[in-house]
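Using my numbering, the first residue of the sequence shown is number 5, and each one after it goes up by one.
Ideal Cβ placement from N, Cα and C applies to all residues, glycine included.
Predicted model, so just to flag it, every value in this text is computed and none were measured.
Beneath this line is the structure, given in structure tokens, with notes to follow.
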Amino acid sequence: ETPTRALFMLFGGVGDLALRKLYPAIFNLYKKGSLDNDHFALIGLSRKSLTDEEFRAKIMDSIASEADSQEQAQTFASHFYWKSHDVTNKDHYSDLKELADQLEQKYETEGNRVFYVSMAPRFFGMVAQSLHDQDVLSTNGGFNRLVIEKPFGRDYESAKELNDALTSAFHENQIYRIDHYLGKETTEAIPVLRFGNPLLESVWNHEYIKDVQITLAEKLGVEDRAGYYDTAGALRDMIQNHTLQIVSYLAMDQPNSFVDTEIRREKVKALQSMEVYDAEGVKQNFVRGQYGSGPDSVPYREEPGVPSDSNNDTYAAGKIVFNNHRWGDTPFYIRSGKKLADKQGRIDIEFKKPLVDIFAKGTKQPQELQGNVLSFYIDPKIGITLTVNTKDSEQGMHTETIDLGYLQSDQRAAKVPLPYERLFHDILTGDGTYFASWPEVAAAWKFVDPVQKLWDSEPGDFPNYESGSMGPKAADELLARDGNQWYWPD
Ligand code: NAD
Numbered sequence: 005e006t007p008t009r010a011l012f013m014l015f016g017g018v019g020d021l022a023l024r025k026l027y028p029a030i031f032n033l034y035k036k037g038s039l040d041n042d043h044f045a046l047i048g049l050s051r052k053s054l055t056d057e058e059f060r061a062k063i064m065d066s067i068a069s070e071a072d073s074q075e076q077a078q079t080f081a082s083h084f085y086w087k088s089h090d091v092t093n094k095d096h097y098s099d100l101k102e103l104a105d106q107l108e109q110k111y112e113t114e115g116n117r118v119f120y121v122s123m124a125p126r127f128f129g130m131v132a133q134s135l136h137d138q139d140v141l142s143t144n145g146g147f148n149r150l151v152i153e154k155p156f157g158r159d160y161e162s163a164k165e166l167n168d169a170l171t172s173a174f175h176e177n178q179i180y181r182i183d184h185y186l187g188k189e190t191t192e193a194i195p196v197l198r199f200g201n202p203l204l205e206s207v208w209n210h211e212y213i214k215d216v217q218i219t220l221a222e223k224l225g226v227e228d229r230a231g232y233y234d235t236a237g238a239l240r241d242m243i244q245n246h247t248l249q250i251v252s253y254l255a256m257d258q259p260n261s262f263v264d265t266e267i268r269r270e271k272v273k274a275l276q277s278m279e280v281y282d283a284e285g286v287k288q289n290f291v292r293g294q295y296g297s298g299p300d301s302v303p304y305r306e307e308p309g310v311p312s313d314s315n316n317d318t319y320a321a322g323k324i325v326f327n328n329h330r331w332g333d334t335p336f337y338i339r340s341g342k343k344l345a346d347k348q349g350r351i352d353i354e355f356k357k358p359l360v361d362i363f364a365k366g367t368k369q370p371q372e373l374q375g376n377v378l379s380f381y382i383d384p385k386i387g388i389t390l391t392v393n394t395k396d397s398e399q400g401m402h403t404e405t406i407d408l409g410y411l412q413s414d415q416r417a418a419k420v421p422l423p424y425e426r427l428f429h430d431i432l433t434g435d436g437t438y439f440a441s442w443p444e445v446a447a448a449w450k451f452v453d454p455v456q457k458l459w460d461s462e463p464g465d466f467p468n469y470e471s472g473s474m475g476p477k478a479a480d481e482l483l484a485r486d487g488n489q490w491y492w493p494d
């Protein structure tokens with residue numbers, strides 16, 4: 005791999021996300037040689053006035069646990085520059101352009117510029133347009149790439165407005181919408197597991213798959229993020245983006261080749277074939293929840309910063325039906341919530357049982373064959389398991405179900421590259437495979453909007469699940485109606 009030369013401009017340069025995740029990610033790419041160690045620089049920006057030395061001290065703190073030595077950290081940090089910058093002030097962009105041009109010469113970054121907007125979403129569009137209008141984009145033959153944090157809008161309309169603002173300044177293929185779930189080891193493995201194994205892909209359809217379940221369960225509550233979370237909720241915060249993106253990699257048809265343009269085409273097709281519900285459909289196919297009290301924990305409505313009559317969803321579950329040939333009547337069940345029994349992101353694919361169970365009769369103790377279940381563990385446990393029916397070791401013909409597993413040890417799981425590192429790597433190489441394109445985001449909002457609209461129009465019967473449980477009863481009934489049940493936890 006040829007190391008990439010680049011000049012970064014990071015808006016929100018000493019914000020929480022930047023210090024906790026972004027600098028350690030860039031540092032790891034530096035250590036591993038994906039980023040050219042001599043030919044890069046970063047300009048940190050926000051309204052704060054800091055000296056370069058003060059900024060570099062913060063960088064060294066931020067990467068302390070990743071650095072092999074103090075010298076290494078120091079050398080890395082010497083490429084960082086601070087600029088006090090108010091994104092709402094047009095004049096500040098000409099100073100920025102001047103500094104960018106200087107650093108580009110000094111570090112010979114060949115006109116490659118990465119603009120990362122790690123700020124409140126209301127600034128995303130404005131920053132993009134000002135960068136364009138005030139000529140901060142490079143014209144020297146390198147690349148200009150714009151990285152946008154989440155959330156991307158709060159419904160289709162606002163997302164479209166944001167996207168129009170972004171695309172008036174950058175081309176779609178220059179825009180990288182961050183969804184950190186797509187930078188996780190297991191999510192990135194889905195296309196390989198599917199299209200690299202005829203054993204799986206040949207049965208990846210409604211004829212053999214009974215249902216697909218996607219769970220993004222959190223153990224924590226709202227913590228100190230009520231200000232944001234109470235205006236968003238589980239449906240916007242977890243379902244519209246992360247969950248539906250995972251759905252798209254699971255449901256898509258095989259791309260012609262493994263390049264982002266081809267993959268995006270197939271993801272969009274899959275998302276656009278989801279049945280969009282009317283109000284009645286929403287009532288039947290979606291369930292919302294809000295946590296009440298539990299052992300040692302207070303109800304959501306008593307959390308700091310949450311209004312005592314909040315109608316916000318801390319849990320959302322739903323059933324997706326695809327109007328396409330591959331999926332037919334096979335449902336995808338999705339759910340995500342806070343204050344659940346355990347923290348785990350996972351996908352459980354339940355295969356149908358054999359049409360005829362020839363072992364059920366004539367054995368001493370008939371034991372029904374189970375449908376195979378393929379599980380992908382996303383986070384914090386990482387790996388894959390597959391249940392298969394076999395014969396137990398007793399005399400006579402008794403079947404039993406065993407688990408073939410490839411689960412990473414906690415030690416190894418703790419060492420896999422973090423999502424932001426993988427995603428930064430892809431930004432440097434210009435690979436949009438694990439980013440959401442606009443038509444995908446649009447399709448996801450169009451699916452989610454009617455649900456949100458109905459939920460906003462009438463108060464929920466909250467609280468309706470206990471902290472530390474697996475969510476509201478209605479979410480179990482959603483599956484029971486189809487003769488199914490959540491596979492996890494047992
Ligand atoms: P933050 O509030 O810590 O940082 C934002 C920065 O923007 C601050 O440093 C602030 O000084 C600066 N800023 C505000 N107004 C400005 C102005 N007019 N001009 C210049 N600078 C200004 O926020 P954060 O937690 O780092 O989040 C940044 C983005 O990342 C948000 O879009 C958020 O939704 C997203 N995000 C954050 C996390 C996280 O763990 N923190 C996780 C996922 C997504």
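| Asked | Found |
| --- | --- |
| Counting along the chain, where does the beta strand (DSSP E) carrying phenylalanine 439 start and finish? | From DSSP, phenylalanine 439 is part of no beta strand (DSSP E); its letter is neither H nor E. |
| If you draw a straight line from the alpha carbon of phenylalanine 199 to that of tryptophan 86, how long is it in whole angstroms? | 46 angstroms |
| According to DSSP, isoleucine 267 sits in a beta bridge with which residue or residues? | For isoleucine 267, which the question treats as bridged, DSSP gives no partner whatsoever. |
| Should arginine 51 be counted as a contact of the ligand NAD given a C-beta to heavy atom distance under 7 angstroms? | yes |
| Relative to the C-alpha of leucine 26, which residue among Ser413, Gln74, Met123 and Gln109 is closest? | Met123 |
| Per DSSP, which residues does glutamine 348 bridge with? Please list them. | Ala221 |
| What residue range is occupied by the uninterrupted beta strand (DSSP E) comprising alanine 124? | It is not in any beta strand (DSSP E) - alanine 124 carries neither H nor E in the DSSP assignment. |
| Can you tell me whether DSSP reads aspartate 105 as helix, strand or coil? | helix |
| So is the beta-carbon of methionine 278 under 7 angstroms away from any non-hydrogen atom of the ligand NAD? | no |
| With C-beta atoms as the reference, is leucine 166 less than 8 angstroms away from valine 140? | no |
| How would you write the range of the beta strand (DSSP E) that leucine 33 sits in, first residue to last? | Counting along the chain, leucine 33 falls outside any beta strand (DSSP E), though it belongs to the alpha helix (DSSP H) covering 27-35. |
| Between which residues of its own chain and histidine 96 is the CB-CB distance below 7 angstroms, once the five residues before and five after are set aside? | His89 and Asp90 |
| Does the CB of leucine 46 have a neighbour CB from chain C at under 8 angstroms? | Of the protein chains in the structure, only one exists, and it is not chain C. |
| Compute every distance between the C-beta of valine 18 and the non-hydrogen atoms of the ligand NAD, then say whether any falls below 7 angstroms. | yes |
| According to DSSP, simplified to helix, strand and coil, what is alanine 364? | coil |
| Give a single yes or no on whether alanine 163 has its beta carbon closer than 7 angstroms to a heavy atom of the ligand NAD. | no |
| Using beta-carbon positions only, say whether asparagine 488 and glycine 293 come within less than 8 angstroms of one another. | no |
| Expressed to the nearest angstrom, what Euclidean distance is found between the alpha-carbon atoms of methionine 401 and alanine 320? | 44 angstroms |
| Are the region 436-448 and the region 286-306 touching, with three or more C-beta to C-beta distances below 8 angstroms? | no |
| Run through DSSP, which three-state label would lysine 87 get? | strand |
| Please report the residue range of the beta strand (DSSP E) in which methionine 515 lies. | Summary: the structure shown does not reach residue 515, with the chain confined to residues 5 through 494, and so no result is reported for it. |
| Mind checking whether alanine 163 and tryptophan 449 have CB atoms under 8 angstroms apart? | yes |
| Going by the C-beta, is threonine 190 closer than 7 angstroms to any heavy atom of the ligand NAD? | no |
| Could you have a look at isoleucine 382 and say whether DSSP puts it in helix, strand or coil? | strand |
| Just to confirm, does leucine 54 get its C-beta within under 7 angstroms of one of the non-hydrogen atoms of the ligand NAD? | no |
| Can you tell me whether glutamate 58 sits near the ligand NAD, meaning its C-beta is under 7 angstroms from at least one heavy atom of the ligand? | no |
| Pull up the distance between the alpha-carbon of lysine 347 and that of alanine 479, whole angstroms please. | 18 angstroms |
| Using 8 angstroms as the cut-off, can you tell me whether the region 60-72 makes contact with the region 12-25, which would need three or more C-beta pairs spanning the two stretches below that distance? | yes |
| In terms of residue numbering, what span does the alpha helix (DSSP H) encompassing valine 251 cover? | 248-255 |
| Using 8 angstroms as the threshold, is the region 172-190 in touch with the region 416-425, meaning 3 or more CB pairs across them? | yes |
| Under a three-way DSSP split, which group does leucine 390 fall into? | strand |
| Just to check my reading of the structure: proline 202 and tyrosine 253 have Cβ atoms closer than 8 angstroms, yes? What is that Cβ distance to the nearest angstrom? | At roughly 18 angstroms, the Cβ-Cβ gap does not stay under 8 angstroms, so proline 202 and tyrosine 253 are not in contact. |
| Between serine 122 and the ligand NAD, is the CB less than 7 angstroms from at least one heavy atom? | yes |
| Here's a check: name, in chain order, each residue in its chain whose Cβ is nearer than 6 angstroms to the Cβ of glutamate 114, leaving out the five neighbours to either side. | Arg9 and Gly146 |
| Counting pairs of Cβ atoms below 8 angstroms between the region 408-417 and the region 383-394, do you hit three or more? | yes |
| Could you pull the DSSP bridge partners for threonine 403 from this structure? | Lys395 |
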